[in-house]
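Number of protein chains: 2
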Amino acid sequence: MAAAKFDVLTIGNAIVDVLAQTEEDFLVREGLVKGSMRLIDGKEADRLFEHMGPAQLISGGCAGNTAAGVASFGGRAAFIGKVADDELGRFFRHDMHALGIHFPATPLTDGTPTARSMILITPDSERTMNTFLAACQELSPADIDRETVEGAAITYLEGYLWDPPKAKEAFRIAARLAHGAKRRVAITLSDSFCVDRFRDEFIDLMRTGALDLVFANRHEVLSLYQTSDFETAVSCLERDIKLAVVTMSEEGSMVVADGRRVRVPAAKVDKIVDLTGAGDLYAAGFLYGLSRGFAHEVSGRLGSLAAAEVISHVGARPVESLRQLAGQAGLAA
Amino acid sequence: MAAAKFDVLTIGNAIVDVLAQTEEDFLVREGLVKGSMRLIDGKEADRLFEHMGPAQLISGGCAGNTAAGVASFGGRAAFIGKVADDELGRFFRHDMHALGIHFPATPLTDGTPTARSMILITPDSERTMNTFLAACQELSPADIDRETVEGAAITYLEGYLWDPPKAKEAFRIAARLAHGAKRRVAITLSDSFCVDRFRDEFIDLMRTGALDLVFANRHEVLSLYQTSDFETAVSCLERDIKLAVVTMSEEGSMVVADGRRVRVPAAKVDKIVDLTGAGDLYAAGFLYGLSRGFAHEVSGRLGSLAAAEVISHVGARPVESLRQLAGQAGLAA
């Protein structure tokens, strides 16, 4: 096995976030489930945009955010996702390149726009996402750059890739290529509704050994095993996969590995502003630590630290250097 | 004179800000003067964008920011400026409408893009602006909606409008229409380099009575009268115009009216993050207060409060309700 060229490759939907502060009333009027992600079409995207408040545009997408986090720790990151050859696509690509993230993109030129997610931030800092996948629907096996996958110590895939049909196939191919090169494959279950849509397939991927590491939050792991008992869910999880991380918001996280469970506390946040990206950045810290051979607890602490940074401001990507913050916290990074 | 339909109409360059955190080194390498605004062409905009860090897009432009501030105080605001019929133009228009700002726009369709300003924020929170005016070059007398101008208690113009030649003519026409309807006309001198480019014209506008109120910061008023002595500059200013406001960063501001000078303290800020928009939001508070007939000192305090809000986060428009903040501060708003 050749030395890895990248610490972490993430594959996911390439999305520009359209973030706006929103009153609770607006969610009620629109019939939106707070904290969830729903998929919308272009027409609904235009309609919702017209009704939502003043916004800011920040590159996002779960896997893109995680790559940004890995890069901010000083890790060698790569990203695969589909943008269009338009203004937002150029903006997204710019941000990846500016972070030093390898992004072997072939932008779409058929007129389909770059994906956007309208993210409504309520006064409790919770985010409710409305995603128009657009160009992301066209991510296909042809976009899976073999050299990049084989050169990455860990390939990290988002569960949301199960939504666009061609992306699902791209996901499977990437996982096979990675394992063929004796690399590790990780997944995030993305959200409980996503788990609900693809439960059997996710469990099958775990049981057949297509995945080495699963990230899930409490809602997702409960949804995965269709139980309301957390202990039951975690027991199922540890039977199905050798390494799993369950994030639990302000209660921190739990690393489940080889029959052992390690609890990791959440990091302190002065003021929570916007929860968008918390899970993505937790994954960034953990994956970075894992790629560097740190103990699971240290990797979990790097995850907590990254999550704390990203929820202290609007937008799902770090604005402070995570490498510097890790150094200040006494975590080898 | 009919009752005003709008408290404040602002006319200026319609710009989307592309904001990025930047190390001091980058400014040095690029030969940029910290704190300034320079005009660049499309080619230079592309080149600089490629080299700058990850960014966020937030609607900006001095006059647009001021209108957003007036609206946030609960004032009836209108804005005139030129966007293109493209993604950024739609984003800018959306933000104005979402704030309830009347924006009688005819977007440009000749392929010229919407203006953008690449704003580099250094660790000291100072901002250095690189503006590609693009569609703003096409603001012309035809865009000056007579009904809107005549219906606004105050028309506020930015000095930067002196850069695009047709906009200058539009400015003059707007000022005449406003005075014809017995309304007030205000200007911001925008920046000291702008003053340097158009010194004689600005002084002429003041002396001929085309303006009723001038906003300037310390650098601008020194540049206007080509002196390094602040007292000399202020004395000249009060001879040339009946109402002027000089902003002095952390030292607050001074309202100069009819031979009297009123000092207004700056408002407390926990942590300064990004100075972009400080002057624009000060003007919003002052203009809102003036339109409601408040004492100059109260209007100045509203300006200080709005400036303090906007420098506490990235982006040049308020994210908290200025009306609410004013209420909490015991200022009638």
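One line per chain: the protein sequences are A and B, in this order.
Residue numbers for the first sequence follow the working numbering, beginning at 1 and rising by one.
Residue numbers for the second sequence follow the working numbering, beginning at 334 and rising by one.
For each residue, glycine too, the CB sits at the ideal point set by N, CA and C.
What number of angstroms, rounded off, separates the C-alpha of residue i from the C-alpha of residue j?
i, j, result
"Thr488 of chain B", "Arg517 of chain B", "6 Å"
"Arg263 of chain A", "Ser299 of chain A", "12 Å"
"Thr22 of chain A", "Arg127 of chain A", "9 Å"
"Ala336 of chain B", "Phe424 of chain B", "32 Å"
"Asp524 of chain B", "Ile574 of chain B", "19 Å"
"Leu88 of chain A", "Lys5 of chain A", "29 Å"
"Leu224 of chain A", "Gly648 of chain B", "40 Å"
"Thr343 of chain B", "Gly397 of chain B", "7 Å"
"Arg540 of chain B", "Gly492 of chain B", "16 Å"
"Ala400 of chain B", "Thr188 of chain A", "43 Å"
"Val222 of chain A", "Arg292 of chain A", "Note that residue 222 of chain A corresponds to Leu in the displayed sequence, not to Val. So the alpha carbons of these two residues sit roughly 30 Å apart."
"Val589 of chain B", "Leu623 of chain B", "14 Å"
"Phe294 of chain A", "Phe286 of chain A", "9 Å"
"Glu584 of chain B", "Leu538 of chain B", "28 Å"
"Arg76 of chain A", "Leu281 of chain A", "15 Å"
"Pro440 of chain B", "Arg593 of chain B", "44 Å"
"Glu201 of chain A", "Lys168 of chain A", "11 Å"
"Phe504 of chain B", "Ser249 of chain A", "53 Å"
"Cys136 of chain A", "Ala105 of chain A", "12 Å"
"Asp340 of chain B", "Ala71 of chain A", "48 Å"
"Thr232 of chain A", "Phe198 of chain A", "20 Å"
"Asn217 of chain A", "Gly303 of chain A", "13 Å"
"Met111 of chain A", "His313 of chain A", "Contrary to the premise, residue 111 of chain A reads as Gly rather than Met in this sequence. Spanning the two alpha carbons is a distance of roughly 33 Å."
"Leu139 of chain A", "Ala378 of chain B", "30 Å"
"Asp17 of chain A", "Arg317 of chain A", "11 Å"
"Lys82 of chain A", "Cys62 of chain A", "13 Å"
"Ile348 of chain B", "Ile173 of chain A", "44 Å"
"Leu667 of chain B", "Thr609 of chain B", "Chain B is shown only over 334 to 666; residue 667 of chain B falls outside these bounds and no answer can be derived."
Would you call residue i buried or exposed, if buried means 16 or more other Cβ atoms sit within 10 Å of its Cβ?
i, result
"Ala475 of chain B", "exposed"
"Val195 of chain A", "buried"
"Pro456 of chain B", "exposed"
"Gly60 of chain A", "buried"
"Ser228 of chain A", "exposed"
"Arg426 of chain B", "buried"
"Pro497 of chain B", "buried"
"Gln389 of chain B", "buried"
"Ala337 of chain A", "Nothing about residue 337 of chain A can be read from this structure; chain A reaches only from 1 to 333."
"Val361 of chain B", "exposed"
"Pro387 of chain B", "buried"
"Glu480 of chain B", "exposed"
"His435 of chain B", "buried"
"Asp355 of chain A", "Lying before the first or after the last residue shown, residue 355 of chain A is absent from chain A, which here runs from 1 to 333."
"Arg572 of chain B", "exposed"
"Asp25 of chain A", "exposed"
"Arg634 of chain B", "buried"
"Val293 of chain B", "The structure shown does not extend to residue 293 of chain B, since chain B is modelled only from 334 through 666, so no value can be given for it."
Along chain B, which residues have their Cβ under 8 Å away from the Cβ of residue i?
i, result
"Val319 of chain A", "Gln354, Val647"
"Phe49 of chain A", "His427"
Residue range of the beta strand (DSSP E) that residue i falls in?
i, result
"Glu356 of chain B", "No beta strand (DSSP E) holds Glu356 of chain B; DSSP gives it neither H nor E."
"Ser253 of chain A", "253 to 257"
"Asp340 of chain B", "339 to 344"
"Arg38 of chain A", "37 to 39"
"Ser249 of chain A", "That residue, Ser249 of chain A, is in no beta strand (DSSP E); it is neither H nor E in DSSP."
"Arg184 of chain A", "184 to 188"
"Ala410 of chain B", "410 to 413"
"Ala549 of chain B", "546 to 550"
"Ala438 of chain B", "Where Ala438 of chain B is concerned, there is no enclosing beta strand (DSSP E), given that its DSSP letter is neither H nor E."
So with CB distances below 7 Å, who are the chain A contacts of residue i?
i, result
"Gln389 of chain B", "Gln56, Leu57, Ile58, Gly315"
Go to residue i, then tell me how far its alpha helix (DSSP H) extends in each direction, as first and last residue.
i, result
"Tyr489 of chain B", "Looking at the DSSP string, Tyr489 of chain B is not in any alpha helix (DSSP H); the run it does join, the beta strand (DSSP E), is 485 to 491."
"Ser59 of chain A", "Where Ser59 of chain A is concerned, there is no enclosing alpha helix (DSSP H), although the beta strand (DSSP E) it sits in stretches over 56 to 59."
"Val477 of chain B", "It is Ile, not Val, that sits at residue 477 of chain B in the sequence shown. Unbroken run through Ile477 of chain B: none, as it is neither H nor E."
"Ile506 of chain B", "498 to 513"
"Ala67 of chain A", "62 to 72"
"Phe91 of chain A", "87 to 98"
"Ser304 of chain A", "296 to 310"
"Arg239 of chain A", "230 to 240"
"Phe531 of chain B", "525 to 540"
"Ser291 of chain A", "278 to 291"
List the residues of chain B whose Cβ lies closer than 9 Å to the Cβ of residue i, in chain order.
i, result
"Thr52 of chain A", "The sequence given here has Met at residue 52 of chain A, not Thr. Near Met52 of chain A (Cβ distances below 9 Å), the residues of chain B are His427, Ala431."
Below 9 Å between beta carbons is the criterion; list the residues of the segment 412 to 434 of chain B that meet it against any residue of chain A, in chain order.
Asp419, Glu420, Leu421, Arg423, Phe424, His427, Asp428, Met429, His430, Ala431, Leu432
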